[in-house]
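**Student:**
Numbering (my numbering), first residue to last: 89 to 269.
Here is the structure:
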């Protein structure tokens, strides 16, 4: 029995050795696979950290771009406001010039009417002078004088308007009817 125990113990020792070797080999494989997993996770963490750093840099760049865009937008708004003010001033100046142009046109119309009336009066006066020099007919002279008398109130009103325009513009001296007679 002692031999039997001896053989059993040898078989048990050999089995234990094989079992120990098998467990050791299996533990090494588990450790290697765990190290591989840890290395992959370490690589993933490193890649995630790098990606996070890239995202931070991208966000910082976008923040700077956004600040620059805000500044450009503010500058553009100021430029638009300035252009709007200049446009408003130009429109006011244009309206003033248009008003001045209308006033000048009406003044020109009054002056033209006055000049035409003066020319016709001068023509009548020259006819009156010719009739008085030739002493042809007193009826013709009377007709010319009555025409002058008819035009006299209109001439005086035109003269007053012309005086106002001339004085306002300070371009020409005032004209009186006395200088025409």
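Cβ atoms here follow ideal geometry from the backbone N, Cα and C, with glycine treated the same way.
Which runs of the beta strand (DSSP E) spanning at least 3 residues fall entirely within the stretch 124-171, listed in chain order?
**Tutor:** Qualifying beta strand (DSSP E) stretches: none in this window.
**Student:** When you compare only the Cα positions, how much space is there between residue 98 and residue 109?
**Tutor:** Their backbone Cα atoms lie some 16 Å apart in a straight line.
**Student:** Less than 8 Å between the CB atoms is what I'm expecting for residue 278 and residue 235, so what's the real figure, rounded?
**Tutor:** In the structure as shown, the chain begins at 89 and stops at 269. Residue 278 is therefore absent and cannot be evaluated.
**Student:** Can you tell me whether residue 209 is buried or exposed? The criterion is at least 16 other CB atoms within 10 Å of its CB, across all chains shown.
**Tutor:** It counts as buried.
**Student:** From residue 122 to residue 160, what distance separates their C-alpha atoms?
**Tutor:** Those two C-alpha atoms are separated by around 55 Å.
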